[in-house]
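Just so you know, the numbering used here puts 209 at position 128 of the sequence shown, and the rest follows in order with no gaps.
The C-beta atom is built at its ideal place from N, Cα and C for all residues, glycine as well.
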Amino acid sequence: MGDLTKNFSRWEFEKNGCKTPDSLLPNLRRLAREMQKVRDAIGKPVHITRNGGYRTEEVNRRIGGAPNSQHKLATACDFTVEGMAPDRATDRVFELRRDGGISKGGIGRYTGFTHYDCRGANANWKGTGVK
């Protein structure tokens with residue numbers, strides 16, 4: 082049982098040691114609710130990557146994150162789906178967003194994970210090396 086949703090806990094979004102500030106907890110709760118919808122629709126465990134949750138400015142800069150990263154607002158996560166190729170997981174997130182199963186937001190296709198954020202407007206991109 083998670084402390085944010087049925088399957089997600091705060092620590093999963095803070096694996097990199099960055100504690101989400103209290104002022105951003107509403108964003109994190111909203112993100113967790115959206116990710117719960119992803120997990121429920123796919124029917125498999127979803128794992129947030131080590132640097133895939135909330136990031137401080139310093140951590141974001143150190144790992145080469147985008148300067149305007151949604152991770153700094155606790156509205157983004159990078160994740161994998163157990164037993165599913167990242168490309169297929171990304172396709173499913175696109176389908177969910179298209180069909181209204183999750184909120185408008187950014188979806189990034191990467192070789193080892195999927196990015197989703199609940200920024201409120203749709204955005205799509207591919208990471209380096211993704212065709």
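Contact under 7 Å by Cβ, Asp159 with Gly124: The residue you call residue 159 lines up with position 78 of the sequence shown. The residue you call residue 124 lines up with position 43 of the sequence shown. It is not a contact, given that the beta carbons lie outside the stated cut-off.
Between the CA atoms of Thr161 and Ala170 - distance to the nearest angstrom: To locate residue 170, count along the sequence shown from 1; it is residue 89. To locate residue 161, count along the sequence shown from 1; it is residue 80. Straight-line Cα distance between these residues: approximately 7 Å.
Nearest-angstrom beta carbon gap, His152 and Asn141 [assumed within contact, 8 Å]: As a working mapping, residue 141 is identified with position 60 in the sequence shown. As a working mapping, residue 152 is identified with position 71 in the sequence shown. Right, the Cβ-Cβ distance comes to about 6 Å (below 8 Å), so this counts as a contact.
Thr195: first and last residue of the uninterrupted alpha helix (DSSP H) it sits in: Locating residue 195 in the sequence shown gives position 114, counting from the first residue. Taken as a continuous stretch (DSSP letters only), Thr195 belongs to no alpha helix (DSSP H), being part of the beta strand (DSSP E) at 195-198.
Supposed close pair Val96, Arg131 - CB separation, criterion 8 Å: Reading the sequence shown from its first residue, position 15 is the one you call residue 96. Reading the sequence shown from its first residue, position 50 is the one you call residue 131. Looking at the sequence provided, one finds Lys at residue 96 rather than Val. Lys96 to Arg131, Cβ: 5 Å. Contact.
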